[in-house]
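Notes follow once the structure below has been shown.
In the numbering used here, the protein residues as written are 7 to 339.
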């Protein structure tokens, strides 16, 4: 017991790995969470937009646009960049023990984000090209349902209790609520302009959605399914992530390619105010927080880098070059 306590102490777990979807390079890079040494580069399908590690840490799920194109350059770089792809998409599965692709699951057109339920049994994938969400049985790695949602679904997250999925409909100005028992959309909430990504406080008090065309974040009461307030952040906010103690929400402000944003807003979830703005790199896009709430990892999509933020004092401790147009990011134990 004493040994276990020693192993699980410290600011970052010794075996943690960070997975980065490099959209412009058709690959996922794997890095040690402490040193950020590159451990592997995993070739995947065209324009991998998002990566999500399963709760048990055994697999990383990656959205992309199918088999890599031959001699067709693409830029990547932003929450709408994959929208021009013509063919149906897929989710590729990486075994985190070997860093090898072990399966490929066809989904809908232009898949954006993928999330896995807390019990690890299902994966949900937004298909921006056909306004749907694909549901995958993670054990069988088979599609088990397709759910119609709002216009151009993009980011999505599962509620802490696993009962609902909130989907940001980027061009619809709404958040779809999916009931995970029935696999049906049970509500569509008007939230504002350009909803890009959703999130939840781990304690279940709040849901969130970034409003990329309002430079704001909307807070939603999950009990009433109503927007209760909006908080101004930086330009073109995209991904957001709450700390494990449910006290702080991090929001990555991407800006545009012409006028890049390069900050992360830290919102106090008691006062609902931005208490700190951290400068990372051009095109701050993806953000994830480690399990003990000490470090955040931010993809800088226009700078081809990832910044590591110490949340104790809000300082960037290092910025590391990765692949072209890094987008989604996830942590695996």
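A virtual CB, placed ideally from N, CA and C, is assigned to each residue, including glycine.
Values in this document were obtained by computation on a predicted structure and should not be read as measured data.
Worksheet item: Are the beta-carbon atoms belonging to residue 335 and residue 308 less than 7 Å from one another?
Response: On the chain shown, position 329 is the one that residue 335 refers to. On the chain shown, position 302 is the one that residue 308 refers to. Contact: no.
Discussion item. Within 8 Å, do at least three Cβ pairs link the region 147-154 to the region 204-218?
Written reply: The answer is no - the region 147-154 does not touch the region 204-218, with fewer than three Cβ pairs under 8 Å.
Item to complete: Can you tell me which of 227, 258, 71, 154 puts its alpha carbon nearest to the alpha carbon of residue 31?
Response: Sequence index remark: in the chain shown, residue 31 carries index 25 (1-based). Of the listed residues, the one whose Cα sits closest to residue 31 is 71.
Practice prompt. Check whether the Cβ atoms of residue 200 and residue 188 sit closer than 7 Å, and answer yes or no.
Written response: Taking the chain shown and counting its residues from 1, one reaches residue 200 at position 194. Taking the chain shown and counting its residues from 1, one reaches residue 188 at position 182. No. Outside cutoff.
Practice prompt. Check residue 285 in the structure and name its three-state DSSP category.
Written response: One-based indexing of the chain shown puts residue 285 at position 279. Residue 285 falls in the strand class under three-state DSSP.
Discussion item. In this structure, how does DSSP classify residue 277 when only helix, strand and coil are distinguished?
Written reply: Stepping through the chain shown from its first residue, residue 277 is reached at position 271. DSSP, reduced to helix, strand and coil, places residue 277 outside both helices and strands of the structure shown, so it counts as coil.
Discussion item. Taking the beta carbon of residue 51 as the centre, do at least 16 other beta carbons fall within 10 Å, making it buried, or is it exposed?
Written reply: Working through the chain shown from its first residue, we reach residue 51 at position 45. Result: buried.
Worksheet item: Grouping DSSP H, G and I as helix and E and B as strand, with all else coil, what is residue 249?
Response: Here residue 249 corresponds to residue number 243 of the chain shown, with the count starting at 1. Residue state, collapsed to three classes: coil.
Practice prompt. Give the straight-line distance between the Cα atoms of residue 26 and residue 105, rounded to the nearest whole angstrom.
Written response: Within the chain shown, the letter at position 20 stands for residue 26. Within the chain shown, the letter at position 99 stands for residue 105. Residue 26 and residue 105 have their alpha carbons spaced roughly 13 Å apart.
Worksheet item: Among 263, 42, 47, 29, which one has its Cα closest to the Cα of residue 35?
Response: Along the chain shown, one-based indexing puts residue 35 at 29. The option with the nearest alpha carbon to residue 35 is 47.
Item to complete: Closer than 7 Å by C-beta to residue 244: which residues in its own chain qualify, once you throw out the five before and the five after it? Chain order, please.
Response: As a first step, residue 244 must be located in the chain shown, where it is residue number 238. Taking residue 244 as the centre and dropping the five residues before and after it, the same chain places the C-beta of 85, 202, 203, 216, 218, 258, 260, 291 closer than 7 Å to its C-beta, in chain order.
Worksheet item: In whole angstroms, what is the alpha-carbon distance linking residue 190 and residue 170?
Response: Against the chain shown, residue 190 aligns to sequence position 184. Against the chain shown, residue 170 aligns to sequence position 164. Distance between the alpha carbons of residue 190 and residue 170 is about 10 Å.
Item to complete: Use the C-beta contact count for residue 269: other C-beta atoms within 10 angstroms, 16 or more gives buried, fewer gives exposed.
Response: For the purposes of this step, residue 269 is taken as residue 263 along the chain shown, with counting starting at 1. Burial call: buried.
Worksheet entry | Where residue 238 falls, given that 16 or more other Cβ within 10 Å makes a residue buried | Here residue 238 is taken as the residue at index 232 of the chain shown, counted from 1. The residue is exposed, with fewer than 16 neighbouring Cβ atoms inside 10 Å.
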